[in-house]
Amino acid sequence: MAGFDPSKDKVLKSWRSEETGLVVAIHSYDGGEAKLQIGPRMLKKKDGSDRAPVKAGRLTIEDVQWIYDNIDDIKDGLEEHNNPMD
């Protein structure tokens, strides 16, 4: 069985919490079904630039509230990529 090939993994849409750095994204691997990924976190350095991505880990109440506030847009994006209109 072949391993994961990053060149076949496409980000179709993503959202990022400015407060916590949590990234939620819709991915499709090798043209397959679009799926939701929670994480990584993209934290900021003191100078405002992005640090290297880190695992999302456990979600805080701020993370959960941000997902809750954006869930309709996230759900619509996932549906759009799994049920494209011809």
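If you're matching positions, the sequence shown starts at 13 in the numbering used here and goes up one per residue.
Here a beta-carbon is modelled for each residue, glycine too, at the ideal position from N, C-alpha and C.
Nothing here was measured: the structure is a model prediction, and the numbers come from that model.
What residues are listed by DSSP as bridge partners for residue i?
i, result
"Ser40", "Lys22"
"Asp17", "Note: Asp17 sits in no beta bridge, so no partner."
If we ignore side chains and look at the alpha-carbon of each, how far apart do residue i and residue j end up?
i, j, result
"Ser61", "Glu30", "13 Å"
"Lys22", "Lys58", "30 Å"
"Trp78", "Leu71", "10 Å"
"His102", "Lys87", "Past the edges of the chain, shown from 13 to 98, lies residue 102, and the structure says nothing about it."
"Val35", "Pro52", "6 Å"
According to the neighbour-count rule (16 or more other Cβ atoms, all chains shown, within 10 Å of its Cβ), is residue i buried or exposed?
i, result
"Leu48", "exposed"
"Gly33", "buried"
Give me the residue from the options with the minimum Cα distance to residue i.
i, options, result
"Gly44", "Asp85, Asp81, Val35 and Lys20", "Lys20"
"Tyr80", "His39, Met54, Pro65 and Trp27", "Trp27"
"Gly89", "Asp17, Leu55 and Ser40", "Ser40"
Identify whether residue i lies in helix, strand or coil by the three-state DSSP scheme.
i, result
"Asp75", "helix"
"Gly51", "strand"
"Lys58", "coil"
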